[in-house]
Amino acid sequence: MGFYEMGCVFFSSFILKPRFLGGSMSVTMQEMHTDIGLVNTIVARSSLSFIDGEKGVLEYVGYDIDDLARQSTFEETAFLLWNRRLPSNAELADFSSQIRTNYDLSESMWDMIASLPRDASPMHALRTLTSALALEDPRADDSSEEANTRKSLAMLAKMPCFIAGFDRHRKGLDLVRPDSDCSLAENFLYMLTGEKPTESMARAMDICLILHADHGFNASTFASLVTISTLSDMYSAVTTAIGTLKGPLHGGANQGVMLMLQEIGDIDAVEPYVMSKLASKQRIMGFGHRVYKAYDPRATYLKTFAQAIAEDTGNINLFDMSKKIESVMDREVGSKGIYPNVDFYSATTYFSLGIDLDLFTPLFAMSRVSGWTAHCLEYLANNRLIRPRCDYIGPHGQAYTQINQR
Ligand code: ACO
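When the letters of the sequence shown are read in order and numbered with my numbering, they come out as residues 1 to 406.
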């Protein structure tokens with residue numbers, strides 16, 4: 001062993017191992033380090049998605065995201081994440097058919113959709129309906145791999161019904177039942193609008209689903225792992241993840257981008273808008289990322305894609321405004337590694353597809369459920385309870401006084 005390798009072993013045994021939550025080594029309180037926001041802590045190993053934040057690379061199980069977006073389908077991507085290999089023709093046909101036979105809901109779930117308050121947020125509705133699936137599963141707490149895979153597939157297949165069904169319910173429209181002749185993307189657009197989408201619209205939706213399917217230990221995936229690591233159940237893990245995805249610093253940013261574009265309204269207003277936000281230390285939605293300090297590869301792809309769809313659907317003004325925001329941001333904060341993330345151009349894409357703003361984040365969930373469940377299945381194979389510590393900074397030894405003496 002050379003000097004360099006010896007140095008690495010020495011370094012990793014003293015510095016890296018304590019940073020592995022879930023590792024076997026225990027250290028004293030004094031030896032622990034504080035890492036607010038888990039910025040520098042690796043919490044587990046995974047072979048699902050690889051991100052190189054410096055070079056702007058994303059791979060699912062070693063396949064470049066660009067190749068998958070151009071050549072794969074969402075169903076194939078989900079198979080890849082769950083099985084860590086691409087399927088054969090026969091396997092994909094069988095997997096897709098299993099998904100399709102799971103599209104529909106029980107009558108009581110359809111009734112539940114129809115009973116939800118019409119003014120509820122679609123993310124709250126999606127979280128509640130996903131959680132409710134456990135109520136009618138007699139094996140909800142069966143933690144065998146077979147049962148967990150079955151539950152994952154059911155959630156992935158049924159989310160389009162939850163999102164499209166709730167949207168039609170709140171608009172006072174008849175609920176459209178799923179069509180098992182359609183792919184998941186096609187079926188979603190069909191249930192949402194009541195009309196079969198064109199091939200290019202269905203493909204656009206499919207590509208968005210592929211691009212959002214997985215992304216390492218992002219906040220919602222990590223949240224799902226915390227839940228599953230307690231040996232709770234898959235429905236609870238995905239419900240946790242949906243609640244986490246909803247926040248504007250995570251999946252909620254795509255809706256924030258669209259609201260921002262509407263607030264700006266005109267390309268000439270972009271420069272003063274961005275400058276005044278930056279001057280008052282406010283965030284521009286759809287920019288920046290915890291891991292990427294280069295261009296988010298999903299945004300690279302979506303940018304070209306958003307332009308084509310915006311042109312086709314008469315929304316090119318939105319795309320032009322987005323490009324202008326990007327150029328001002330690049331000039332002002334590009335040197336800090338702040339670039340558009342996946343949410344920035346997905347907003348224009350979804351809007352051009354005619355999707356309501358508050359459905360953008362549910363769509364993210366409809367795709368990411370493949371990654372959440374894949375990570376839970378992977379983590380469970382070698383489970384360890386995720387239970388970090390806090391750095392207590394409060395008082396000690398306080399004398400308890402009776403309530404009437406305070
Ligand atoms: N607009 C303006 N400035 C920004 C932005 C932004 N969107 N993002 C980061 N910065 C600046 C911060 O002000 C900070 O500057 P400073 O060092 O001068 O104080 C610096 O960049 C670092 O920011 P942090 O918040 O420390 O970075 P962190 O890794 O914690 O945050 C996050 C990442 C939350 C994504 C952040 O970039 C952000 O708030 N972006 C806007 C919301 C968004 O688009 N979220 C979606 C992320 S992708 C996803 O979840 C699917």
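Idealized CB from N, CA, C, for every residue including glycine. The model shown is predicted, which means the values in this text are computed figures rather than measured ones.
Three-way DSSP call (helix, strand, coil) for residue i in this model
i	result
Val39	coil
His215	strand
Ile386	coil
Pro117	coil
Pro178	coil
Tyr63	strand
Leu173	coil
Lys196	coil
Gly22	Note on Gly22: pLDDT 48, under 50, position unreliable in the model; no value is reported.
Ser224	helix
Opening and closing residue of the beta strand (DSSP E) in which residue i lies
i	result
Asp358	Counting along the chain, Asp358 falls outside any beta strand (DSSP E), and DSSP gives it neither H nor E.
Leu408	Limits of the chain in this structure are 1 at one end and 406 at the other, which puts residue 408 out of reach.
Ser49	49-52
Counted within 10 angstroms of its Cβ, other Cβ atoms place residue i as buried (16 or more) or exposed
i	result
Lys246	buried
Met366	buried
Asn218	buried
Ala93	exposed
Tyr235	buried
Tyr273	buried
Pro122	buried
Ile393	exposed
Thr408	This structure gives no information on residue 408, because the portion of the chain shown stretches from 1 to 406.
Gly397	exposed
Arg127	buried
Ser335	exposed
Cβ-Cβ distance between residue i and residue j below 7 Å
i	j	result
Asp66	Tyr301	yes
His212	Arg368	yes
Pro362	Ile163	yes
Met321	Leu278	no
Ala157	Trp372	no
Leu86	Tyr60	no
Glu75	Ser47	no
Ala114	His169	yes
His375	Thr239	no
Leu225	Tyr379	yes
Ala140	Ala134	yes
Met329	Phe360	no
Asn148	Leu377	yes
Gly337	Lys293	yes
Gly243	Met285	no
Ile407	Lys324	The question about residue 407 has no answer here: the residues shown for the chain are numbered 1 through 406.
Val291	Gly37	no
Close Cβ partners of residue i (< 8 Å) along its chain, the five nearest in sequence each way excluded
i	result
Gly62	Phe50
Leu353	Leu189, Met201, Ala204, Met205, Ile309, Thr313
Ser106	Glu136
Asn383	Ile228, Ser229, Leu231
Asp167	Pro122, Leu192, Asp356, Leu359
Ile15	Confidence in Ile15 is poor, its pLDDT being 38 and thus under 50, which makes the residue's placement unreliable; the coordinate value appears in the next sentence. Counting only Cβ-Cβ distances below 8 Å, and skipping sequence neighbours, we find nothing.
Sequence-distant residues of the same chain with beta carbon closer than 7 Å to residue i, five excluded per side
i	result
Phe351	Met258, Asn315, Leu318
Phe364	His212, Leu245, Gly251, Asn254
Asp296	Gly56, His289, Tyr339, Pro340, Asn341, Val342
Gln98	Leu153
Thr349	Ala204, Cys208, Leu302, Phe305, Ala306, Ile309
Ala69	Ile207, Ile210, Leu211, Tyr301
Ile264	Val270, Tyr273, Met321
First through last residue of the alpha helix (DSSP H) which encompasses residue i
i	result
Asn102	No alpha helix (DSSP H) contains Asn102, which DSSP labels as neither H nor E.
Met321	316-333
Val238	234-245
Ser352	342-352
Phe188	184-193
Ile267	Where Ile267 is concerned, there is no enclosing alpha helix (DSSP H), given that its DSSP letter is neither H nor E.
Ile309	297-312
Pro138	Per DSSP, Pro138 belongs to no alpha helix (DSSP H) and is neither H nor E.
Glu31	No alpha helix (DSSP H) holds Glu31; DSSP gives it neither H nor E.
Asn83	74-83
Thr130	122-132
Same chain, Cβ closer than 6 Å to residue i, five either side skipped, listed in chain order
i	result
Asp104	Pro178
Val333	none
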